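Here the structure comes first, spelled out in structure tokens, and everything after it is commentary.
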Amino acid sequence: MKDCNCIFCKIANGEIPSATLYEDDEFRVILDLNPAAKGHSLILPKEHYANLFEIPEDVLGRAAAVAKKVSGKLFTALHATGLNLVQNNGRSAGQTVFHFHLHMIPRYDDDNVKVGWVPGSLTEQDAKEIVSYFK
Ligand code: 5GP
Ligand code: ZN
């Protein structure tokens, strides 16, 4: 299903032009308009899934295969020294476009890109509680 009000549906399906690095029946990979670093790209499924919780497992698996292929090429071509895969779900996690996408951010020595968090400390209580949900 496509969502006709969704900008990434329109870009993924070629209704809005984009700088495309890769395309197949299921995905389009584009350059981010506001790159964190040179080569920052987005993998967009052509079908509309709002986030990780909506995208089917098999589609996600194929998106990961595209990430491996395209990020490897980006890494080599742009002489990157690192690369982050980032995927945001929900406003609190920084998602601003509610169509699943996977960021590929090539990294360079001293590039000043911030992808991270301030490390906390795992409490015994949290560990017990969270592990219990998986039993
Ligand atoms: P999010 O914050 O949802 O994980 O990431 C959305 C990303 O999409 C941002 O990095 C933003 O710069 C990028 N973006 C938003 N609108 C457009 C657009 O119209 N074209 C392209 N190429 N990138 C976009
Ligand atoms: Zn969409």
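Under our numbering, the first residue of the sequence shown is numbered 24, with each subsequent residue one higher. Quick reminder that beta carbons are idealized off the backbone N, C-alpha and C, glycines included. Quick caveat, the model's predicted, so the values are computed rather than measured.
Report task. Out of Leu-54, Asp-47, Glu-49 and Asn-28, point me to the one whose CA is closest to Pro-40's CA. Result -> Closest option to Pro-40, judged by alpha-carbon separation, among Leu-54, Asp-47, Glu-49 and Asn-28: Leu-54.
**Report entry** Identity of the residue in Val-82, Leu-67 and Leu-145 nearest Ala-42 by Cα
**Finding:** Leu-67
Report task. Work out the CA separation of Gly-95 and Pro-129 for me, nearest whole Å. Result -> Pro-129 and Gly-95 have their C-alpha atoms spaced approximately 10 Å apart.
Query raised in the report: CB-CB under 7 Å to Lys-61, same chain, minus the five flanking residues each way: which ones, in chain order?
Result: Hits under 7 Å: Leu-101 and Pro-129.
Query raised in the report: Does the distance from the C-beta atom of His-71 to that of His-126 stay below 9 Å?
Result: no
Query raised in the report: By Cβ distance, which residues of its chain are closer than 8 Å to Leu-83, with the 5 residues on each side in sequence left out?
Result: Leu-75
Query raised in the report: Measuring CA to CA, which of Phe-98, Gly-113 and Asn-112 is closest to Leu-106?
Result: By alpha-carbon distance to Leu-106, the top candidate from Phe-98, Gly-113 and Asn-112 is Phe-98.
Requested in this report: Please determine, among Asn-111, Glu-80, Ala-59 and Ile-153, the residue with the shortest C-alpha to C-alpha distance to Asp-133.
Outcome: Ala-59
Query raised in the report: Thinking just about the alpha-carbon of each residue, which of Ile-30, Ser-64, Asp-48 and Val-89 is nearest to the one in Ala-73?
Result: When Ile-30, Ser-64, Asp-48 and Val-89 are compared, the shortest CA-CA separation from Ala-73 is found for Ile-30.
Query - Minimum C-alpha distance to Ile-34 - residue among Val-120, Glu-152, Val-109 and Ile-78 - result: Val-120
Report task. Examine the ligand 5GP and report whether any of its heavy atoms sits within less than 8 Å of the Cβ of His-71. Result -> no
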